[in-house]
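Student: Chains as they are written, first to last, in our numbering: chain A, 1 to 211; chain B, 1 to 211.
All C-beta atoms, glycine included, are put in the ideal place defined by N, C-alpha and C.
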DNA sequence: GTTGATACAAACTTAAGTGTAGGTATAATC
DNA sequence: GATTATACCTACACTTAAGTTTGTATCAAC
């Protein structure tokens, strides 16, 4: 067996990416070898070296494939004219955590991001992506602050840090292999968490009773 | 040169641990080789293999060395009779974050814990340690809850998750190589964060004005 | 229908790191 | 003060995974 049609080649490329995604998020990037990925996709390493330059390039391709237009749209609507940026951010966080807790591809991608920090070749690219998200979040919070939606004791920087840290911690909590002693009802917790964070960041007058 | 006195041997053991700590936290556990550690300590790998079984055993020894009696005491005082567990927890968190932000050994140790998850041989040991801390924190928060110190919309589980996640996120934020776009005044932020978290978790009547 | 480019497979090379066996000088022990 | 256990060092064998080269069947284009 040898040369295939272009469509078929593209299909094996996607298969390789699928296998890489699965194995990377299952066993970790460093512990996964190219041979394992190839075997999982029923190919040989030759196929990988044909489609990608090396392991780092493979990872890079995974990121490229994972960048969704949805995220872009989300951030844009958050800073639109009529929107309430703080409420949007809280809602987005809630949705994010809920999906992170399922077996969605989002979770796999976040695990990848989490691990890829160990791979120096990708650190810059990752930093870039993080910085973009960070500045979006910062923008939203700044808008909220300018409208007096933030608590007087909470600067934009602190609110930013709070969200940033919570997100990172969530990813760690959900992705990490850590066995938590405490059995948790995630849905309930996420709901209560959002309410709590609202109390922490919102201006006193803007707090609503639980919906 | 050959055999040394017992005291000297113990000293080289400590030197090896020091070098391992430095290199592990500088370049990561996986990217650091035993040869590099030995060279940094002006020894050879032979010395490492004499004092430790392998890389995992070395890491394990690092953890053993890092377990401070201070932490134990801190958790004990938190759940003592007269103490206000919630306030103690908030204070401890504040202190923790401040020290994490310095170049203390605590930071190095936390970075190790963070990375060692990738090393499967240590995952169990780490889980154990984490679980201990978790249960301490959970205990403190439960006590606070029983005294009515928690906000009615905030269950013990949610408060626990909030602290847990914040801690993990902080470690990630401080330890990670991530370049943050936003320049931050850490001291101020930590102060405001604690106040914010207090608003999130504390029962409404117990909130104090800023001290 | 021949020819060149494609899409891999398979075998080989290279490099890095771990593990180990053997040597050796010296502290400890008696 | 002879012996033994200790605390390493040196060198080499083994393993593992990345990277490279070569081979080859087939698609595509003329």
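Quick one: which chain B residues come within Cβ less than 7 Å of residue 155 of chain A?
Tutor: Chain B residues near residue 155 of chain A: 192.
Student: By the criterion of Cβ-Cβ separation under 7 Å, what are the contact partners of residue 170 of chain A in chain B?
Tutor: Neighbours of residue 170 of chain A on chain B, chain order: 165.
Student: Quick check on DSSP: helix, strand or coil for residue 104 of chain A?
Tutor: DSSP places residue 104 of chain A in coil when its eight states are reduced to three.
Student: Can you list, in chain order, the residues of its chain with a C-beta nearer than 7 Å to that of residue 44 of chain A? Leave out the 5 residues immediately preceding and following it.
Tutor: Counting only Cβ-Cβ distances below 7 Å, and skipping sequence neighbours, we find 38.
Student: Can you pull the chain A neighbours of residue 196 of chain B, defined as C-beta to C-beta under 9 Å?
Tutor: Chain A residues near residue 196 of chain B: 151, 153, 154, 158, 159, 162, 197, 199, 200 and 201.
Student: Pairs of beta-carbons, one from the stretch 144-162 of chain B and one from the stretch 83-92 of chain B, closer than 8 Å: are there three or more?
Tutor: In short, these stretches touch, since the Cβ pair count reaches three.
Student: To the nearest whole angstrom, what separates the beta carbons of residue 16 of chain B and residue 48 of chain B, a pair I think is in contact under 8 Å?
Tutor: Sure, about 6 Å apart at Cβ, within 8 Å.
Student: Indicate the three-state DSSP secondary structure (helix, strand or coil) for residue 148 of chain A in the structure shown.
Tutor: The answer is coil: DSSP assigns residue 148 of chain A none of H, G, I, E or B.
Student: If distances are taken between C-alpha atoms only, which option among A/140, A/153, A/109 and A/95 comes closest to residue 195 of chain B?
Tutor: Answer by Cα proximity: A/153.
Student: Since residue 184 of chain B and residue 161 of chain A should fall inside the 8 Å C-beta cutoff, what is the C-beta to C-beta distance between them, to a whole number of angstroms?
Tutor: The pair is a contact, with the Cβ atoms about 7 Å apart (cut-off 8 Å).
Student: Could you compute how far the alpha carbon of residue 18 of chain B sits from the alpha carbon of residue 92 of chain B?
Tutor: Computed Cα separation, rounded: 27 Å.
Student: Expressed to the nearest angstrom, what Euclidean distance is found between the alpha-carbon atoms of residue 35 of chain A and residue 56 of chain A?
Tutor: So the two alpha carbons sit approximately 15 Å from each other.
Student: Can residue 7 of chain A and residue 62 of chain A be called in contact, C-beta distance under 9 Å?
Tutor: The answer is no: Cβ separation not under 9 Å.
Student: Counting along the chain, where does the alpha helix (DSSP H) carrying residue 162 of chain B start and finish?
Tutor: Element bounds for residue 162 of chain B: 156-175.
Student: Within the continuous alpha helix (DSSP H) that includes residue 52 of chain B, where are the two ends?
Tutor: First-last for residue 52 of chain B: undefined, no H or E at that position.
Student: In its own chain, which residues sit with a C-beta less than 6 Å from the C-beta of residue 145 of chain B, not counting the 5 before and 5 after it?
Tutor: So the qualifying residues of the chain are 156.
Student: Which one of A/75, A/65, A/132 and A/128 has the shortest CA to CA distance from residue 106 of chain A?
Tutor: The shortest Cα separation from residue 106 of chain A among A/75, A/65, A/132 and A/128 belongs to A/65.
Student: Give a yes or no on whether 9 Å exceeds the smallest Cβ distance from residue 173 of chain B to chain A.
Tutor: It does: the Cβ of residue 173 of chain B has a partner Cβ on chain A nearer than 9 Å.
Student: Just to confirm my understanding: we take residue 74 of chain A, look at its own chain, exclude 5 residues before and 5 after, and list those with CB closer than 7 Å. What are they?
Tutor: Hits under 7 Å: 92.
Student: If we cut at 9 Å on Cβ distances, does residue 188 of chain B have a partner in chain A?
Tutor: Chain A contact via Cβ: present.
Student: Is the beta carbon of residue 30 of chain B less than 9 Å from the beta carbon of residue 113 of chain B?
Tutor: No, the pair does not count as a contact, with Cβ atoms beyond the cut-off.
Student: According to the Cβ coordinates, are residue 110 of chain B and residue 174 of chain B closer than 9 Å?
Tutor: Yes, these two residues count as a Cβ contact at 9 Å.
Student: Quick check on DSSP: helix, strand or coil for residue 211 of chain B?
Tutor: A caution first: residue 211 of chain B carries a pLDDT of 37, below 50, which makes its placement in the model too unreliable to give a value.
Student: Could you please give the first and the last residue of the uninterrupted alpha helix (DSSP H) stretch that includes residue 82 of chain A?
Tutor: It is not in any alpha helix (DSSP H) - residue 82 of chain A carries neither H nor E in the DSSP assignment.
Student: Against chain B, with Cβ distances strictly below 9 Å, would residue 98 of chain A count as a contact?
Tutor: It does not: the Cβ of residue 98 of chain A has no partner Cβ on chain B nearer than 9 Å.
Student: How about residue 34 of chain A: is its C-beta nearer than 9 Å to some C-beta of chain B?
Tutor: Cβ-Cβ to chain B under 9 Å: no for residue 34 of chain A.
Student: Please check the pair residue 169 of chain A and residue 168 of chain B, which I expect to be a contact at CB under 8 Å, by giving their CB distance rounded to whole angstroms.
Tutor: Right, their Cβ atoms sit about 4 Å apart.
Student: Assign residue 52 of chain B to one of two classes, buried (16 or more other C-beta atoms within 10 Å of its C-beta) or exposed (fewer than that).
Tutor: The residue in question, residue 52 of chain B, is buried, as its Cβ has 16 or more Cβ neighbours within 10 Å.
Student: How many angstroms separate the CA atom of residue 211 of chain A from the CA atom of residue 26 of chain A?
Tutor: Low per-residue confidence applies at residue 211 of chain A: pLDDT is 37, beneath 50, and the placement is therefore not dependable enough to give any value.
Student: Considering only their Cβ atoms, is the gap separating residue 164 of chain A from residue 137 of chain A smaller than 9 Å?
Tutor: Cβ atoms of residue 137 of chain A and residue 164 of chain A: closer than 9 Å.
Student: Can you tell me where the alpha helix (DSSP H) with residue 188 of chain A in it begins and where it stops?
Tutor: Element bounds for residue 188 of chain A: 186-201.
Student: Interface residues of chain A around residue 184 of chain B at Cβ under 7 Å?
Tutor: Correct list: 157 and 161.
Student: Looking at the structure shown, is residue 42 of chain B part of a helix, part of a strand, or coil, going by DSSP?
Tutor: It is coil, neither helix nor strand.
Student: Would residue 209 of chain A be called buried (16 or more neighbouring beta carbons within 10 Å of its own) or exposed?
Tutor: Below a pLDDT of 50, predicted positions are generally treated as unreliable, and residue 209 of chain A, at 47, falls in that range; the measurement from the model is reported next regardless. Classification of residue 209 of chain A: exposed, given that the 10 Å Cβ count is below 16.
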